[in-house]
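Reviewing the structure listed below.
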Amino acid sequence: MDLAPAPNGESSLKNPVVEVEAVDMASAEVEESLATENTVAIEAEGSQSEYETDSDDSDWDDQSLFEDALQVIRDDQLRDGVVPGACTLDEAIAFRNRLHEIGKAAFVEETIARDTVTAKKLCTAFGIMPPGFLEGAPDQAYHPLLAIAISREFSRRPKLPQYNSIDDAVKLLQQSKNIVVLTGAGISTSLGIPDFRSKDTGLYSQLEHLGLSDPQEVFDIHVFREDPSVFFSIAKDILPTENKYSPTHGFIRLLQDKGKLLTNYTQNIDNIEANAGVVSEKIVQCHGSFATATCVKCQHKVQGDDIFGDIKKGVVPQCLSCQERIAQDALKPQGMKRKRSTNGTHRGRKSDGEDSSEDEDYEIPTPGVMKPDITFFGEDLPDEFGRRLLHHDRDLVDLVIVIGTSLKVAPVAEVPGILPRQVPQIYISRTPVSHTSFDIDLLGDCDVVVSELCRRAGWEFKHEMIPPDEKVDITAVEGYESRHMFKVVGA
Ligand SMILES: [Zn+2]
Numbered sequence: 001m002d003l004a005p006a007p008n009g010e011s012s013l014k015n016p017v018v019e020v021e022a023v024d025m026a027s028a029e030v031e032e033s034l035a036t037e038n039t040v041a042i043e044a045e046g047s048q049s050e051y052e053t054d055s056d057d058s059d060w061d062d063q064s065l066f067e068d069a070l071q072v073i074r075d076d077q078l079r080d081g082v083v084p085g086a087c088t089l090d091e092a093i094a095f096r097n098r099l100h101e102i103g104k105a106a107f108v109e110e111t112i113a114r115d116t117v118t119a120k121k122l123c124t125a126f127g128i129m130p131p132g133f134l135e136g137a138p139d140q141a142y143h144p145l146l147a148i149a150i151s152r153e154f155s156r157r158p159k160l161p162q163y164n165s166i167d168d169a170v171k172l173l174q175q176s177k178n179i180v181v182l183t184g185a186g187i188s189t190s191l192g193i194p195d196f197r198s199k200d201t202g203l204y205s206q207l208e209h210l211g212l213s214d215p216q217e218v219f220d221i222h223v224f225r226e227d228p229s230v231f232f233s234i235a236k237d238i239l240p241t242e243n244k245y246s247p248t249h250g251f252i253r254l255l256q257d258k259g260k261l262l263t264n265y266t267q268n269i270d271n272i273e274a275n276a277g278v279v280s281e282k283i284v285q286c287h288g289s290f291a292t293a294t295c296v297k298c299q300h301k302v303q304g305d306d307i308f309g310d311i312k313k314g315v316v317p318q319c320l321s322c323q324e325r326i327a328q329d330a331l332k333p334q335g336m337k338r339k340r341s342t343n344g345t346h347r348g349r350k351s352d353g354e355d356s357s358e359d360e361d362y363e364i365p366t367p368g369v370m371k372p373d374i375t376f377f378g379e380d381l382p383d384e385f386g387r388r389l390l391h392h393d394r395d396l397v398d399l400v401i402v403i404g405t406s407l408k409v410a411p412v413a414e415v416p417g418i419l420p421r422q423v424p425q426i427y428i429s430r431t432p433v434s435h436t437s438f439d440i441d442l443l444g445d446c447d448v449v450v451s452e453l454c455r456r457a458g459w460e461f462k463h464e465m466i467p468p469d470e471k472v473d474i475t476a477v478e479g480y481e482s483r484h485m486f487k488v489v490g491a
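Residue numbers (the UniProt record's numbering): 1 to 491.
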């Protein structure tokens, strides 16, 4: 489906064959050589996306794979000249602009084909570090990588030039009526909730004793099916806290109160949005949540609270419905219940001699395990995500605010590219991302950023974690018109 017009130049792409080929080659090559490092980005491999991104012929899974597997050069590294042989930031920006201006084929013709720059150096203009294993190889060896770099840059949503300042951000907040808010772990960390999917957190280091080859196996559905106790040994540590919410959750609630919140897509499973009073109709929990749980055997569903007791004790919760059925089964006439012993002979449960067919063999009945409805690696994402995004939000949204996520994990990572390109996008987080262009980057503690935005918008915003007399200092990030750093004065 045609979601948004590509930047100019798409139609001038006369000779895509070489590039497409090159991308395929690189996919196989890079995937193979870096196959062991890609655990995070392929999280959504099981998801059935009904939408397409607005990128050309590229496959998102591959893209996000490279995102993680390839070493990225940030713009500030280019600016500071710390990567030997790389473009300067000015050169890089000029190359990027030129690409969007004339299209992929003409750009390749003008650069590589005319030998005006090497492929190795050109990769750096698009933020890709030439990998060590290609060192010393002829420049042609970098072509596949460059093809990916060019493709990725070209499909990137171009920044809207008219939005840059804090005042622009405040005005957008005030004027917008249908805001899509994308949130990630960063909005809950001020409550002491670990970013448990990230490898760098303490939580994962606590998992070493579980003997897992990769800590993410805790959230692997195959591991869960084999031994649910692995997950339940740590589940109590990530169980939602009651009645707490961060100022950022409060900000989302405020948008709702002002009638401006279209949808909050959250990657968090902590369900804290509910604590803040965001109504469930406004929330899509992209990775599910602890709010409900389902029996893995009979699909019996219960409220999350029903199993929290077991979870807190570190016990594997069992399905009551299964238990009931097993108990009823036990009352049924004998002969319907037989077990095949390990040597293949039959053994009557209570009495022998009854005639029975082998078809009636059965396993010792055990109740199913209750699995919280959070999305594990290898599981499909909730349908609600794509449905709401495409059939509800896309036509209504007038502002996108991304808070506390590095947007590296699908499907949320795809959202900025799926929504109409003319809709302004604001990014609020500690560190900027380089793989997606936002119109305005507001960097710092997201609780501080949102409370300052409210102050400037003239909105009353109260939260116990925000001192009423808080003063926030905002400085422009050198070299960027639209990037601003927020810091509490005296902090
Ligand atoms: Zn059950």
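Every residue, glycine too, gets a C-beta built ideally from N, C-alpha and C.
- Excluding its 5 nearest sequence neighbours in each direction, Arg98 has C-beta neighbours in its own chain below 7 Å: Phe107, listed in chain order.
- No Cβ-Cβ contact shorter than 8 Å links Ile283 with Thr294.
- Residues of the same chain with a CB within less than 6 Å of the CB of Val477, apart from the 5 flanking positions on each side, are Arg483 and Met485 in chain order.
- Look at Asp373 here: in three-state DSSP terms it is strand.
- CA-to-CA, the gap between Tyr427 and Pro416 works out to about 11 Å.
- Excluding its 5 nearest sequence neighbours in each direction, Cys319 has C-beta neighbours in its own chain below 6 Å: Cys295, His300, Pro367, Gly368 and Met370, listed in chain order.
- In the displayed model, Ala491 falls within coil according to three-state DSSP, outside both helix and strand.
- Nearest C-alpha to Phe154 among Ala491, Leu255, Val412 and Phe126: Phe126.
- Beyond the five residues adjoining it in sequence on each side, Val279 comes within less than 8 Å, by CB distance, of Gln256 in the same chain, given in chain order.
- Non-local C-beta neighbours of Arg96 in its own chain, meaning closer than 8 Å and more than five positions away in sequence, comprise Ala125, Phe126 and Glu153, ordered along the chain.
- With respect to the 8 Å criterion, Leu191 and Lys236 are not classified as neighbours on the basis of their beta carbons.
- A check of alpha carbon separations from Gly458 across Arg157, Lys258, Ala491 and Ser188 identifies Lys258 as the nearest.
- Residue pairing for Ser429: DSSP places it in a beta bridge opposite Leu443.
- Between Ile179 and Leu407, the C-beta gap is not smaller than 8 Å, which leaves the two residues out of contact.
- One Cα belongs to Phe438, the other to Glu110, and the distance between them is close to 28 Å.
- Pro84 has its alpha-carbon roughly 34 Å from the corresponding atom of Ile403.
- When secondary structure is reduced to three states using DSSP, Cys295 falls in the strand class.
- The closest CA to that of Asp115, considering only Tyr480, Val433, Lys104 and Asp139, is found on Asp139.
- Relative to the non-hydrogen atoms of ligand 1, the Cβ of Lys297 comes within a distance shorter than 7 Å of at least one.
- One alpha carbon belongs to Leu78, the other to Ile418, and they sit about 29 Å apart.
- Sequence-distant Cβ neighbours of Val170 in its own chain, meaning closer than 8 Å and more than five residues away, are Leu453, Arg456 and Ala457.
- Looking at the DSSP output, Phe486 bridges to Ile474.
- Between Pro247 and Asp447 the beta-carbon gap is near 4 Å, inside 8 Å, which marks them as a contact.
- In terms of Cβ geometry, Gly250 and Thr405 do not form a close pair [threshold 8 Å].
- For Gly368, the Cβ falls inside the 7 Å cut-off from some heavy atom of ligand 1.
- Per DSSP, the continuous alpha helix (DSSP H) segment holding Thr248 begins and ends at Pro247 to Asp257.
- In the three-state reduction of the DSSP assignment, Phe290 falls in the strand class, which pools E and B.
- Ile311 and Pro317 have their C-alpha atoms spaced approximately 7 Å apart.
- Assigned with DSSP and collapsed to three states, Asn264 falls in strand.
- With a cutoff of 8 Å on beta-carbon distance, Leu160 and Pro468 are scored as not near each other.
- For Thr88, there is no enclosing beta strand (DSSP E), since its DSSP letter is neither H nor E.
- Under DSSP, Lys301 shares a beta bridge with Thr294.
- For Arg74, the closest C-alpha among the options Ile252, Asn271 and Gly479 is that of Gly479.
- For Leu390, no beta strand (DSSP E) encloses it, and the DSSP letter there is neither H nor E.
- With respect to the 8 Å criterion, Val82 and Ser434 are not classified as neighbours on the basis of their beta carbons.
- Asp473 is positioned such that its CB atom lies closer than 8 Å to that of Lys487.
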